[in-house]
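J.: In the order they appear, the protein sequences are chains A and B. With the working numbering applied, the first sequence corresponds to residues 1 to 125, in that order. With the working numbering applied, the second sequence corresponds to residues 126 to 644, in that order. We treat Cβ as the ideally placed atom computed from N, Cα and C, and that holds for glycine. Below you'll find the structure I mean.
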Amino acid sequence: MEPVFAVLTGIFLSVAVYLLLSKYIIRMLLGVAILGNAVNLLIFTSGRIMREVPPVIGAGLDVPAGATANPLPQALILTAIVISFSFFAFLLVLSWRAYSVLETDNTDAMLVAEPDNVQPPPLGY
Amino acid sequence: MAVSSSPADLSAALVLQPVAALDWLVILPVAWCLAIGAILLMIRHKSLAQPLVAVLGLAALVALDAALLWHVVQSGPVTMVMGRWLPPFGIAFTVDLTGALFALTSAVVALVGAVAAIDDINVSGRRYGFYPFLLLLMAGVSGAFLTGDVFNLYVWFEVLLISSFGLLVLGSEREQIDGAVKYGFLNLVATTLFLIATGYLYGIFGTLNMADIARKAPGLQMTAPLVTLTALYILAFAMKAAAFPVNFWLPASYHTPRIVVSALFAGLLTKVGIYALIRIGVMLFPAELEQMSLVLAIVAALTMLTGSLGALAQSDTRRLLGYLVISGIGAMLAGIAIGGPDAIGGVIFYAVHSMLVMTALYLAAGVAARLSGGFSLSASGGLYRHHLLFTALSLMLFFSVSGLPPFSGFWPKVMLVKAAIDGGSSWLAAILLLSGFLTMIATGRVFLLAYWRPVEAQPAGVPQPLAITALLPILALTVSSVLIGLFPETLLNLARQAASTLNEPSAYLQSVFPAGGAP
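Pasting the structure below:
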């Protein structure tokens, strides 16, 4: 099963990179959303895909009876989902604000903070 | 059905003896910051009480971190595990000298920033949560310095990143929104790269505990793609630290927020990237890092040159300082590329120096702009005539950042240059010195234009004296820089010891796995 997931992760990552390379913030946002999911899949796959048995130890036993699902990647992914969701929400609001204040979503035209027509200071006095 | 389970052997999975009182210091800096941050959030609308609580809280944080450093000096690396779960299963907080030194310095920087913010952040800035964000930022920074778990390190990175977003957009001016968009996207990509690398790390090792990885790594060198993994980590942390060619978010954003926020960012954020690179690269994957050392050395050289040449080209003091931050990152990367206890000691010393001095420089730029009417070098001037003490402090800071004696920038430069020559890469030593020289020219230009140059149109009336809250933070940081420069032995020894613990992490491993054996 892992090779299939590895290929899927690769597709997700390449789509995310393609979208992030765009000049337009709306596409970059889509790229960020897909990138987050790509990473979640990657963590899930690197925890190895095993039987879908819940990792619960039966009564009277000290160790699980057979192979169970790996619970740790799920905990890691849950953390990563929460974080990437909150970041996405922040970036979404920030982008909307940037669009309404700067009146563009083209990053090439966002030169307010780095103007390219600055008068150089005198060379001497 | 009656369930009869065999009595569980708790000692196999739990730390049974109570935590020693002093060991609580390991977690206290983080818990303290979170608690004070929460209190500040509750009193968000009391704009007079906020600075008081924040300054007192950060002063206590400095005391806590100093106590922690003392404890680590006395008894070596200290470990505390969450939920008393035995490592590697519980999340471990492990503090060694490197972490404690970085944590103490960052707390000092935050305290100074909080004092400087009393003047700089107005009531609406306080209402929008400057101080809560500062405390949460410090929780993230302290957590990153103190944790002993790679995934936990990622979580602290995110905590400090989201707080820095809040600080960055405080005020919501057009420039800030513009800078925040670039800062936000590029930093998110950097932390995601870190998470990708961590996913692979977990896939290879099946563990996220740093000590566990450090002892398993040598056995996996032939079978696992550790060099690729290290390269991924280097890319992620180089992006966080703003190394060339992934440095572009820094000059695009660091000059946009309030000057106190810029000062805090310059002191804290990029150094967390350097710390993580030291921790993961030097401690966990030393052999793999050595294979990358030429690439890293070239990146370091280009970062230094980009930084100092970029600084020469700027006509806005804040943007100029942003490039000086990058140049300093290059010097630290050079030390990591050289490797060995001497060079890493130099890196740690340089990081402490850079945190203090870059913060002071930004604060000084803020005061200079307020006195002379703006950050642009074309318009400012005449500071020397009316503000002698401030001019003297600024000049000392300029000398310190360029690495001239007797200031704190001199000793780490000496250590790095000596290590570079001893390590057989004299060209790197030459670039270190060249970048110091270019920095001197860039800061000399600021001094010439903003301080020495007489202004034609003198503002009418008597020039008002500086407020003590504006001058005190700069004075404190400059004095500390001078003291470190005049009496470097203590810090020098601490940095060397810290570096030798990183190079030979047996004490660190011993602290996490006291019994030696483990599952």
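Can you list the residues of chain B that A/Phe-90 reaches, using a CB-CB cut of under 8 Å?
T.: Within chain B, the residues near A/Phe-90 are Ile-287, Phe-290, Gly-309.
J.: Give a yes or no on whether 8 Å exceeds the smallest Cβ distance from B/Leu-159 to chain A.
T.: So no, B/Leu-159 is outside the interface.
J.: For B/Val-545, collect the residues of the same chain with a Cβ closer than 6 Å to its Cβ; drop the 5 residues on either side in sequence, then sort them by chain order.
T.: Before going on, a small fix: residue 545 of chain B reads as Ala here, not Val. If we look at B/Ala-545 and ignore the five residues flanking it on each side, its Cβ neighbours are Ile-463, Leu-553, Ala-554.
J.: With distances taken between CB atoms, is the gap from B/Ala-425 to B/Leu-458 smaller than 8 Å?
T.: Yes, these two residues count as a Cβ contact at 8 Å.
J.: Inspect the CB distances between the segment 238 to 252 of chain B and the segment 137 to 152 of chain B and report whether three or more fall short of 8 Å.
T.: No, they do not touch.
J.: B/Leu-648: which of B/Gly-250, B/Arg-621, B/Ile-359 sits nearest, CA to CA?
T.: A query on residue 648 of chain B cannot be resolved here, the shown segment of chain B reaching from 126 to 644 and no further.
J.: Assuming the contact rule is C-beta atoms closer than 8 Å, B/Leu-375 and B/Ser-440 should be a hit. Round their C-beta distance to whole Å, please.
T.: Actually they do not touch by this definition, with Cβ atoms about 18 Å apart.
J.: Which two residues bound the contiguous alpha helix (DSSP H) that contains A/Ala-109?
T.: Neither: A/Ala-109 is in no alpha helix (DSSP H) and is coded neither H nor E.
J.: Determine which residues of the segment 320 to 338 of chain B have a Cβ less than 7 Å from any Cβ of chain A, and write them out in chain order.
T.: From the segment 320 to 338 of chain B, only Leu-320, Ile-321, Gly-324, Tyr-325, Tyr-327, Gly-328 have a Cβ closer than 7 Å to chain A.
J.: First and last residue of the alpha helix (DSSP H) that includes B/Val-144?
T.: Per DSSP, B/Val-144 belongs to no alpha helix (DSSP H) and is neither H nor E.
J.: According to DSSP, A/Tyr-99 sits in a beta bridge with which residue or residues?
T.: Answer is none; A/Tyr-99 lacks a bridge partner.
J.: Is it buried or exposed for A/Thr-9, if we count other Cβ within 10 angstroms and need 16 for buried?
T.: The residue in question, A/Thr-9, is buried, as its Cβ has 16 or more Cβ neighbours within 10 Å.
J.: Given this structure, state the Cα-to-Cα distance separating B/Leu-541 from B/Ala-456, to the nearest angstrom.
T.: Looking at the two C-alpha atoms, the distance is approximately 8 Å.
J.: Using a Cβ-Cβ cut-off of 8 Å (strictly less than) and excluding sequence neighbours within five positions of B/Leu-409, which residues of its own chain qualify?
T.: So the list reads Met-335, Ile-338, Ala-339, Ala-342, once near-sequence residues are dropped.
J.: Between B/Ala-493 and B/Val-385, how many whole angstroms is the CB-CB distance? I'm expecting something under 8 Å.
T.: The Cβ separation is near 14 Å, so there is no contact.
J.: Can you find a C-beta in chain C that's less than 8 Å from the C-beta of A/Tyr-18?
T.: As a matter of chain content, chain C is missing from the structure shown, whose protein chains are A and B.
J.: Which residues, in chain order, does the segment 482 to 506 of chain B contribute to contact with chain A at a C-beta distance below 7 Å?
T.: Taking 7 Å as the Cβ-Cβ cut-off against chain A, the residues of the segment 482 to 506 of chain B that qualify are Leu-502, Ser-503.
J.: Determine the DSSP secondary structure at B/Ser-551, reduced to helix, strand or coil.
T.: Helix, per DSSP.
J.: Along the chain, where does the alpha helix (DSSP H) containing B/Met-483 start, and where does it finish?
T.: Start and end: 465 to 497.
J.: Grouping DSSP H, G and I as helix and E and B as strand, with all else coil, what is B/Met-205?
T.: If DSSP states are grouped into helix, strand and coil, B/Met-205 belongs with the strands.
J.: How big is the Cα-Cα spacing for B/Gln-199 and B/Ala-592?
T.: If you take the alpha carbons of B/Gln-199 and B/Ala-592, they lie about 41 Å apart.
J.: Using a beta-carbon distance cut-off of less than 7 Å, what residues from the segment 439 to 465 of chain B approach chain A?
T.: Answer in chain order: Ser-440.
J.: Starting from B/Thr-219, trace the beta strand (DSSP E) in both directions and tell me its first and last residue.
T.: Looking at the DSSP string, the run of the beta strand (DSSP E) that includes B/Thr-219 is 217 to 220.
J.: Please confirm if B/Leu-313 has its CB atom under 8 Å from at least one CB of chain A.
T.: Output row for B/Leu-313: interface = yes.
J.: Alpha helix (DSSP H) containing B/Ser-527: first to last residue?
T.: First-last of the alpha helix (DSSP H) with B/Ser-527: 513 to 527.
J.: Name the chain B residues that come within less than 9 Å of A/Ile-25, Cβ to Cβ?
T.: Here the neighbours are Val-306, Phe-310.
J.: Taking just the CA atoms, how far does A/Phe-88 sit from B/Leu-311?
T.: Taking the straight line from one Cα to the other gives about 13 Å.
J.: Beta-carbon separation of B/Ile-161 and B/Phe-218 under 8 Å?
T.: It is not a contact, given that the beta carbons lie outside the stated cut-off.
J.: CB-CB under 8 Å to B/Pro-531, same chain, minus the five flanking residues each way: which ones, in chain order?
T.: Once the five neighbours on either side are set aside, the close Cβ partners of B/Pro-531 are Val-607, Gly-610, Leu-611.
J.: Can the beta-carbon of B/Tyr-256 be found less than 8 Å from the beta-carbon of B/Ala-179?
T.: Contact: yes.
J.: Between B/Gly-182 and the rest of its own chain, which residues show a CB-CB distance below 6 Å, the 5 nearest in sequence each way excluded?
T.: Around B/Gly-182: Ile-161.
J.: By the criterion of Cβ-Cβ separation under 8 Å, what are the contact partners of A/Ser-95 in chain B?
T.: Near A/Ser-95 (Cβ distances below 8 Å), the residues of chain B are Val-306.
J.: Taking C-alpha atoms, which residue in B/Phe-373, B/Arg-510, B/Asp-221, B/Phe-369 lies nearest to B/Leu-634?
T.: Cα-wise, what sits closest to B/Leu-634 is B/Asp-221.
J.: Counting along the chain, where does the alpha helix (DSSP H) carrying B/Trp-374 start and finish?
T.: Note, B/Trp-374: alpha helix (DSSP H), 374 to 378.
J.: Cβ of B/Val-482 within 8 Å of Cβ of B/Ser-560?
T.: Their beta carbons are not under 8 Å apart, which means B/Val-482 does not touch B/Ser-560 by this criterion.
J.: Within 8 Å of any Cβ in chain B, is that where the Cβ of A/Val-56 sits?
T.: No, A/Val-56 does not count as interfacial toward chain B.
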